[in-house]
Structures are given as C-alpha cells and as structure tokens.
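Undergrad: Starting off with a structure, shown below.
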Amino acid sequence: RVQEGVAHINMPSFYRYHIPLHFDELTITLSPQSGSSTLAVSMDPKNELPTMENANKRTDGLSQNHITINSKELHEINPHCTNSGQRDNSRPRWERRSCQIYLGVHTTSEQARYHLKLTLDRQSTQLFDGKQIEGVIKNTEVSHLFFYPNPGQGYKFSLNQEYGRVKVYLSFYQKLKKTGKDDWNYPTQNKFDLEGVGKGSMVEIDIDWETDNAKKCQQNCLLLFTVIPKTTAKTVK
C-alpha cells in the first residue's frame, strides 16, 4: 500500500497499521516528494504517537529512507502480539491492540510532501515434489518458497496465474549447518540465478544443474523462490 501525505513543522502526521501475526519481514519506505521528512516507528502499543526521540526505529533523513522490521522484533517489544485474534475485553485497551505498528512522519520544513509504502514478506512455504499449493499475493506483498532438491535430478516448477500477474525468481542456496530460515538469502529482482518464463497464464522455471551457481550447490542444497506480484494475484504452484 502507498500512502500520500503532508507533514508540517509543528504538525507531524501519524498512522496506525495492523500487522498479520505471521510474517517474515515488513519494510516501510518513506519517499520525500518535497521538503525534508523523517520517519519514526513505534512497535509499542503504549506509544501510539512516535517521535524521533522515543521511537523504536527511525530514519536519518539523509541516506536511509526505509525501515525493516521482522516478526521476532515485533513480538519481543510487544509480546501481546502473539495473542492476535483473541478478543479479551478484560485486558487493557493497549494490550488489545496487538500486532499494530505506529508511524510518525516529521519534518523540519514548513511543509513536506511524501509517499509512504509498506511491503510485507510473509513466512516462507515449503514446496514438495508433485504436490500443488494455492495462494493469493496482494500487490504489496512478496511470497517466499523453498524446496529441497536431489541435485542433478530434473525439475520443472510451474505457477498458474488464475488472475493477476507475477514474476518468479530462483536462487541456488548452499545451506550451512548453523544457518536457520532467517539467514537464507532469497532472490530479489536484482539478484537471482533463474527467472520464470511466462507462457500464457503459466510461469515456468526449468532447473539447469549445469550453470556455475548450480554446480556449487550439490550438497545441502536449497532452491529458494521469490514471487513478486505485478498486481494482486491468485496463484497455483
């Protein structure tokens, strides 16, 4: 989602967003359009109006224009987030507002215009040989999937776009024993080994084990996928 807004020197703009209980990573990007602006983020439901002084995270107004939050950070600061979906009116109001984040856009200019964008990466999903899964990806989300292959065996991955259109990227990943899912380097639009080829409503990737990156991924190998929608899309993989 993209929010257009205006902040004034003595009148910052504040926002509140509900966050799903299960997600990998949330990226909040502030794009100044005129004037100078900075972003303050609170994950504490007791602090609904974050300032640059009391925020959990903030941009510097210079080179940094985005903030990244993972689910572990949110749950550590707001443990009541784990109770999301359970309505309990006996709890204090701020506890019932679980899994929400609070944003404040501040400026030292008389007036600053900006765009605010939230991009949500949901938790990764494991793929199994011969089994089909379904999903819906909103245009502000990114989907991550992973597959344990038998190196050298031929695989074709097909994604059927029931509506909407997506891009699919794959990376060969050499899994180290000490690394967990949070450390896996999923492909991006700028860094990937293979890209899905569109054929009508289908997007397909044929695994080529003869590429240099694939040859390096012969033991404890993972195939990591990133699905990025062009529009809200329903997919069958």
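Remember, the working numbering sits 7 above the position in the sequence shown when you count from 1.
Even for Gly, the Cβ is constructed at its ideal location relative to N, Cα and C.
1) With burial defined as no fewer than 16 other Cβ atoms inside 10 Å of the residue's Cβ, what is the status of residue 135: buried or exposed?
2) Contact between the stretch 222-241 and the stretch 191-201: three or more CB pairs below 8 angstroms?
3) Would you mind working out which of 215, 81, 121 and 52 sits nearest residue 15, comparing C-alpha positions?
4) Taking the alpha-carbon positions, what's the residue 1 to residue 32 distance?
5) Just the Cα atoms here: how many angstroms apart are residue 218 and residue 198?
6) Who are the near neighbours of residue 124 in its chain, counting only those whose CB is closer than 6 angstroms to its CB and skipping five residues on each side?
7) Which residues does DSSP list as the beta-bridge partners of residue 164?
8) Please list the segments of the beta strand (DSSP E) lying wholly inside the stretch 111-140, counting only runs of 3 or more residues, in order along the chain.
9) Could you spell out where the beta strand (DSSP E) holding residue 35 opens and where it closes?
10) Which value, in whole angstroms, describes the spacing of the CA atoms of residue 49 and residue 158?
11) Output the boundary residues of the alpha helix (DSSP H) element that contains residue 81.
12) From the DSSP output, in three-state form, read off residue 224 for me.
13) Less than 7 angstroms between the beta carbons of residue 220 and residue 179, yes or no?
14) Ignore the nearest five residues each way along the sequence and tell me which others in residue 117's own chain have a CB closer than 8 angstroms to its CB.
15) Any C-beta of chain D sitting closer than 7 angstroms to the C-beta of residue 62?
16) Beta-carbon separation of residue 132 and residue 152 under 7 angstroms?
17) Given a threshold of 16 other Cβ atoms within 10 Å of its Cβ, counted over all protein chains shown, does residue 227 qualify as buried or as exposed?
18) Who does residue 232 pair with in a DSSP beta bridge?
19) How would you call residue 110, buried or exposed, if buried means at least 16 neighbouring beta carbons within 10 angstroms?
20) Within the same chain, show all residues whose beta-carbon is closer than 6 angstroms to that of residue 65, passing over the 5 residues directly before and after it, in chain order.
21) Going straight from the alpha carbon of residue 212 to that of residue 77, what length do you get?
22) Across which residues does DSSP place residue 11 in a beta bridge pair?
23) Exposed or buried, which one is residue 208 when buried takes at least 16 other CB atoms within 10 Å?
24) Might you give, ordered along the chain, the residues of its own chain that have their beta carbon closer than 8 angstroms to the beta carbon of residue 45, omitting 5 neighbours on each side?
TA: Let me lay it out:
1) exposed
2) yes
3) 121
4) In the structure displayed, the chain extends from 8 to 244; residue 1 sits before or after that span and is not available.
5) 15 angstroms
6) 9 and 36
7) 212
8) 118-128
9) 32-41
10) 45 angstroms
11) 78-84
12) coil
13) yes
14) 15, 16 and 42
15) In summary, chain D is missing from the structure at hand, where a single protein chain is found.
16) yes
17) exposed
18) 152 and 177
19) buried
20) 47 and 59
21) 29 angstroms
22) 122
23) exposed
24) 37, 59, 65, 66, 67, 68, 112, 113 and 114
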